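> Taking my numbering, the leading residue of the sequence shown gets 308, the next gets one more, and so forth.
Below you'll find the structure I mean.
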Amino acid sequence: MSRSQVQCPYVSIFSSRDYDFACNMGFIEKSVEEDEINLFNPTILDRLSISHVAGLLIRPLKSTDYDKGFLVLLSQLTDVGNVTKEQFLNRFYSMKTADGYYVVVIEDVNSGKVIACASLVVEQKFIHNCSLRGRLEDVVVNNNYRGKSLGKLVVSIVVQLARYFRCYKLSLDCVDRLVPFYENIGFKRETNNANYLNMRFHGENATEQSHL
Numbered sequence: 308m309s310r311s312q313v314q315c316p317y318v319s320i321f322s323s324r325d326y327d328f329a330c331n332m333g334f335i336e337k338s339v340e341e342d343e344i345n346l347f348n349p350t351i352l353d354r355l356s357i358s359h360v361a362g363l364l365i366r367p368l369k370s371t372d373y374d375k376g377f378l379v380l381l382s383q384l385t386d387v388g389n390v391t392k393e394q395f396l397n398r399f400y401s402m403k404t405a406d407g408y409y410v411v412v413i414e415d416v417n418s419g420k421v422i423a424c425a426s427l428v429v430e431q432k433f434i435h436n437c438s439l440r441g442r443l444e445d446v447v448v449n450n451n452y453r454g455k456s457l458g459k460l461v462v463s464i465v466v467q468l469a470r471y472f473r474c475y476k477l478s479l480d481c482v483d484r485l486v487p488f489y490e491n492i493g494f495k496r497e498t499n500n501a502n503y504l505n506m507r508f509h510g511e512n513a514t515e516q517s518h519l
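Structural data, given as structure tokens:
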């Protein structure tokens, strides 16, 4: 069956024009057998040096991960809200078509649940000869799987992805107590350039929890 013959069951979530564009550009690759879509091409991960762990599957976020506890996992990091499956899929396809979003997850193959994740967001810049900048976002490991170095594993994959896409740098924001964790992986606080400021417009009371 060709890609043009495959019908996405969630087409109504966004406009048909956007869906047709995504299919024509190859952003959406439907898996007929499994009835699911990868956020990004999984073969990219095959080109990286990844230490695989028995019983765990390292892969891109999929359109079916709403039912595999992805948002429940994120709720151990920060406030997620009452996100419906339709909202999840709408955001998934938006990220898929926009490109530049690489959410890596670790699935426990025995339970079928997503138990760790981290995201690489790639920004296109005019500076540094129109280079790319990477941002590490939303790193969390399920409470029951902590202490197994899975946080270090999933972050190291994002670091490799940033290098793969030739980002000129990879940056992150974190709470003070997690600075040593990231420094042990190779991140550094730059002299005279380690300030963190933000302006919150929503969720002023949301707090980042311990999540590694």
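All C-beta atoms, glycine included, are put in the ideal place defined by N, C-alpha and C.
None of the values given here were measured: they were computed from a predicted structure.
1) Let's see if you can read the secondary structure: which residues bound the alpha helix (DSSP H) around residue 416?
2) Going by DSSP, what residue range makes up the alpha helix (DSSP H) through residue 376?
3) Whose CA, out of 441, 483, 497, 418, lies closest to the CA of residue 363?
4) Grouping DSSP H, G and I as helix and E and B as strand, with all else coil, what is residue 456?
5) Along the chain, where does the alpha helix (DSSP H) that runs through residue 352 open and close?
6) If you measure between the beta carbons of residue 420 and residue 375, is that distance less than 9 Å?
7) Straight-line CA distance for residue 380 to residue 497?
8) Just grab the DSSP bridge partners of residue 447 for me.
9) Using the C-alpha atoms, what's the distance from residue 480 back to residue 507?
The structure says:
1) If you number the sequence shown from 1, residue 416 lands on position 109. From DSSP, residue 416 is part of no alpha helix (DSSP H); its letter is neither H nor E.
2) Position 69 of the sequence shown, counting from 1, holds the residue named residue 376. Secondary structure note for residue 376: it is in no alpha helix (DSSP H), with a DSSP letter that is neither H nor E.
3) Sequence index remark: in the sequence shown, residue 363 carries index 56 (1-based). Closest option to residue 363, judged by alpha-carbon separation, among 441, 483, 497, 418: 418.
4) For the purposes of this step, residue 456 is taken as residue 149 along the sequence shown, with counting starting at 1. Three-state result, residue 456: coil.
5) Translated into positions along the sequence shown, residue 352 becomes position 45. Per DSSP, the unbroken alpha helix (DSSP H) holding residue 352 starts and ends at 350 to 353.
6) The residue you call residue 420 lines up with position 113 of the sequence shown. The residue you call residue 375 lines up with position 68 of the sequence shown. Cβ distance < 9 Å, so residue 420 and residue 375 count as in contact.
7) Mapped onto the sequence shown, residue 380 falls at position 73. Mapped onto the sequence shown, residue 497 falls at position 190. One alpha carbon belongs to residue 380, the other to residue 497, and they sit about 31 Å apart.
8) On the sequence shown, position 140 is the one that residue 447 refers to. Beta-bridge pairing links residue 447 to 424.
9) Taking the sequence shown and counting its residues from 1, the one referred to as residue 507 is at position 200. Taking the sequence shown and counting its residues from 1, the one referred to as residue 480 is at position 173. Approximately 14 Å, taken between the alpha carbons.
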